[in-house]
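Written below as structure tokens is the structure these notes are about.
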């Protein structure tokens, strides 16, 4: 596939080919992207602060939701600052250490999102299918243990993947995306990448297994919900937002993975960019909005906070 680069890896600079904007519309894209980033941070912080300040919301479901919002800010911050810098200064490059860091953060965000949604499905299963045992099963200690394991597991998965990629010698520097992705760097390798592919299949199997667990949980939740009006109401209020969030993220991530591996580089650049960034842009923005609208306690608490601020200004 070519001769390996003789440059030391910490001196390697990748060229990103995802951006193709003129000087005229560059500032428009920058402004829109900045607004989107600020709004994403804002809506997630609103939920985090609301849950933190309201003692009635210090329950497992809301703590898991708070973790989901923190992860949303974490993931968005792995993508937006770099793309904003590229738009503002017309930069299309990233150093090797910067690329590896971006890969680590983006993939740990994706893994943490999926694992968090699995934990949230388990929480809803216990709440609806075993309501009398809920507080004895979902203890404070268990909740914090699950949150800690979610992050540790996600960082471990990402670190192993990044380590497998970092060992590969490279033959090229051109990345056909807006940001650094693991598969884009692996494709630049000069040697056999079977081990990377094998690890990719292991990760796929792991998270498909999580999806199956979520589906089994919801089959039991739906059966339990059909027995009473109270359970049906609880399902619509707390489980429906989770299902929407899960579907949104799964579709977004599947698009990115499938297109990265099997998509054509000859297709429209705009389509490639949309497919590549959807899971980094849409879930962090949409998740807090969905939960904020559907969960009555959060909606009422946010409304109270804004009413107090308006009254103070008047």
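Residue numbers (UniProt numbering): 1 to 314. C-beta: ideal position from N, C-alpha, C; glycine also. None of these values were measured; they are calculated from a predicted model.
Are the beta-carbon atoms belonging to residue 54 and residue 301 less than 8 Å from one another? Contact flag set, yes.
Buried or exposed: where does residue 14 fall if 16 or more other Cβ atoms within 10 Å of its Cβ makes it buried? Counting Cβ neighbours within 10 Å, residue 14 comes out buried, since at least 16 surround it.
Indicate the three-state DSSP secondary structure (helix, strand or coil) for residue 123 in the structure shown. Of the three classes helix, strand and coil, the one that applies to residue 123 here is helix, per DSSP.
Report the rounded CA-to-CA distance for residue 304 versus residue 69, giving the unit in angstroms. CA-CA distance, residue 304 to residue 69, rounds to 20 Å.
Nearest neighbour of residue 279, chosen from 195, 75, 199 and 148 [CA to CA]: Residue nearest to residue 279 within the set 195, 75, 199 and 148 is 75 (criterion: CA-CA distance).
Quick one: residues in its chain with C-beta nearer than 7 Å to the C-beta of residue 128, no 5 flanking neighbours on either side, listed in chain order? Taking C-beta separations shorter than 7 Å and ignoring five residues to either side along the sequence, the partners of residue 128 in its chain run 221, 224, 225, 231, 234 and 235, following chain order.
CB-CB under 6 Å to residue 193, same chain, minus the five flanking residues each way: which ones, in chain order? Closer than 6 Å at Cβ, skipping near neighbours: 186.
If you compare alpha carbons, which of 298, 256, 143 and 296 is closest to residue 177? Comparing Cα-Cα distances from residue 177 to each of 298, 256, 143 and 296, the minimum goes to 256.
Residue 67 beta carbon less than 8 Å from that of residue 315: Given that the chain is displayed from residue 1 to residue 314, the structure contains no residue 315 and the question cannot be resolved.
Does the separation of the CB atoms of residue 94 and residue 171 fall below 8 Å? No, the Cβ-Cβ distance between residue 94 and residue 171 is not below 8 Å.
Can you tell me the Cα-Cα spacing of residue 137 and residue 147, whole angstroms? Taking the straight line from one Cα to the other gives about 15 Å.
Pick from 208, 240, 111 and 168: whose alpha carbon is nearest that of residue 150? The alpha carbon of residue 150 has as its nearest neighbour, out of 208, 240, 111 and 168, the alpha carbon of 111.
Residue 173 - DSSP class collapsed to helix/strand/coil: Note: residue 173 maps to coil in three-state DSSP.
Can you name the start and end residues of the alpha helix (DSSP H) that residue 5 belongs to? It is not in any alpha helix (DSSP H) - residue 5 carries neither H nor E in the DSSP assignment.
Whole beta strand (DSSP E) elements within the region 153 to 226, 3-residue minimum: Taken in chain order, the whole beta strand (DSSP E) runs of length 3 or more contained in the region 153 to 226 number zero.
Ignore the nearest five residues each way along the sequence and tell me which others in residue 143's own chain have a CB closer than 7 Å to its CB. Excluding residues within five positions, the ones whose Cβ falls inside 7 Å are 60 and 63.
Meets three-Cβ-pair contact criterion under 8 Å: the region 115 to 133 and the region 209 to 221: Cβ pair count under 8 Å is three or more, so yes.
Whole angstroms are fine: how far does the CA of residue 295 sit from the CA of residue 47? Inter-residue distance for residue 47 and residue 295 is about 11 Å (C-alpha atoms, whole angstroms).
With DSSP as the reference, label residue 16 as helix, strand or coil. In this structure, residue 16 counts as strand in the three-state DSSP scheme.
Report the rounded CA-to-CA distance for residue 314 versus residue 52, giving the unit in angstroms. Any reading at residue 314 is ruled out, since the residue's pLDDT is 46, under 50, leaving its predicted position unreliable.
Within the same chain, show all residues whose beta-carbon is closer than 6 Å to that of residue 218, passing over the 5 residues directly before and after it, in chain order. Taken in chain order, the list of residues that qualify is empty.
As assigned by DSSP and simplified to three states, the class of residue 139: Looking at residue 139 - three-state DSSP - the assignment turns out to be coil, as it is neither helix nor strand.
Name the residue from 271, 65, 167 and 297 whose alpha carbon lies nearest to the alpha carbon of residue 288. Proximity to residue 288 across 271, 65, 167 and 297 peaks at 65, based on C-alpha coordinates.
Where the alpha helix (DSSP H) through residue 325 begins and ends: As shown, the chain starts at 1 and ends at 314. That puts residue 325 outside it, with no answer to give.
State the start and end residues of the unbroken alpha helix (DSSP H) segment that holds residue 231. 229 to 234 is the span of the alpha helix (DSSP H), which, as asked, contains residue 231.
State the Cα-Cα distance for the pair residue 41 and residue 173, rounded to the nearest angstrom. Rounded to the nearest angstrom, the two C-alpha atoms are 32 Å apart.
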